[in-house]
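So for the sequence shown, the working numbering puts the first residue at 1357; every next one is plus one. A virtual CB, placed ideally from N, CA and C, is assigned to each residue, including glycine. In what follows, a single structure is set out as structure tokens and then discussed.
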Amino acid sequence: MKCIVGLGNIGKRFEMTRHNIGFEVIDHLLESNHFELDKQKFKGAYTIERLGNEKVMFIEPMTMMNLSGEAVGPLMEYYNVEPEDLLVLYDDLDLPQGQVRLRQKGSAGGHNGMKSIIKRIGTNEFKRIRIGIDRPTNGMSVPDYVLQKFSPEEMKTMDKVIEHAARAVEAFIESSRFDNVMNKYNGEIK
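Listed below in structure tokens is the structure:
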């Protein structure tokens, strides 16, 4: 079974904020496939569905971002999901807005949600899709910036990015070769 995790913060006030872009991709995938997060266990909202020939678990941690591993780790253990079958979607300050970068493994890169997952599952060798949100340029603090909603103009780009990232997730689910998925979906979305 493959496991797709979108990172974000729970609550209405965090919807469509930069930090919640992982949730937005999961929500898009669920809606377009007529699925819903219908289960809760271990601090995570999730569903297990079939896409094509693959059984897939979609997870949105119900912790705050910095504690995401408290949901992901126990659900992976309970359902016997191996790290090589895990894909995490999250925001990245170090990528320009509109950039999507897929990676086989890597460090948390300063992202506290990723730090929590790496610590809880004991490895950084799992796949991820980093979604660029830029860094603040107007003197705004990073915490204020990542919790800010996208402007209507930015949403025009981010809607395309969400769709692109969702297609990359579907390709990961269907393919046994993540390097092929990376080659096809890494890049800037305009």
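So what's residue i in DSSP terms, helix, strand or just coil?
{"i": "Phe-1414", "result": "strand"}
{"i": "Thr-1419", "result": "coil"}
{"i": "Glu-1526", "result": "helix"}
{"i": "Glu-1519", "result": "helix"}
Could you tell me the distance, in whole angstroms, from the CA atom of residue i to the CA atom of residue j?
{"i": "Ser-1497", "j": "Arg-1491", "result": "9 angstroms"}
{"i": "Gly-1425", "j": "Gly-1362", "result": "12 angstroms"}
{"i": "Lys-1475", "j": "Met-1420", "result": "16 angstroms"}
{"i": "Thr-1479", "j": "Glu-1392", "result": "29 angstroms"}
{"i": "Asn-1494", "j": "Ser-1507", "result": "15 angstroms"}
{"i": "Gly-1367", "j": "Met-1511", "result": "20 angstroms"}
{"i": "Pro-1499", "j": "Gln-1460", "result": "27 angstroms"}
{"i": "Gly-1364", "j": "Asp-1383", "result": "11 angstroms"}
{"i": "Lys-1471", "j": "His-1375", "result": "15 angstroms"}
{"i": "Phe-1482", "j": "Tyr-1402", "result": "19 angstroms"}
{"i": "Leu-1451", "j": "Glu-1380", "result": "18 angstroms"}
{"i": "Glu-1509", "j": "Asp-1515", "result": "10 angstroms"}
{"i": "Met-1413", "j": "Val-1502", "result": "27 angstroms"}
{"i": "Met-1357", "j": "Ser-1388", "result": "20 angstroms"}
{"i": "Leu-1547", "j": "Asn-1409", "result": "A query on residue 1547 cannot be resolved here, the shown segment of the chain reaching from 1357 to 1546 and no further."}
Residue i lies in the beta strand (DSSP E); which residues open and close that run?
{"i": "Val-1361", "result": "1358-1362"}
{"i": "Val-1444", "result": "1442-1448"}
{"i": "Lys-1632", "result": "With the chain represented from 1357 up to 1546, any question about residue 1632 goes unanswered, as that position is not in the structure."}
Going by DSSP, what residue range makes up the alpha helix (DSSP H) through residue i?
{"i": "Lys-1540", "result": "1534-1541"}
{"i": "Glu-1405", "result": "No alpha helix (DSSP H) holds Glu-1405; the beta strand (DSSP E) holding it covers 1400-1407."}
{"i": "Glu-1371", "result": "Run containing Glu-1371: none; DSSP gives neither H nor E here."}
{"i": "Phe-1379", "result": "1377-1388"}
{"i": "Val-1428", "result": "1425-1434"}
Checklist entry - Do the segment 1395-1414 and the segment 1427-1440 meet, that is, are 3 or more Cβ pairs less than 8 angstroms apart? => result yes
Checklist entry - Would the segment 1477-1488 and the segment 1446-1463 be scored as touching if the rule is three or more Cβ pairs under 8 angstroms? => result yes
Item to check | Ranges of the beta strand (DSSP E) found wholly within the segment 1451-1511, counting only runs of at least 3 | outcome: 1455-1459 and 1483-1488
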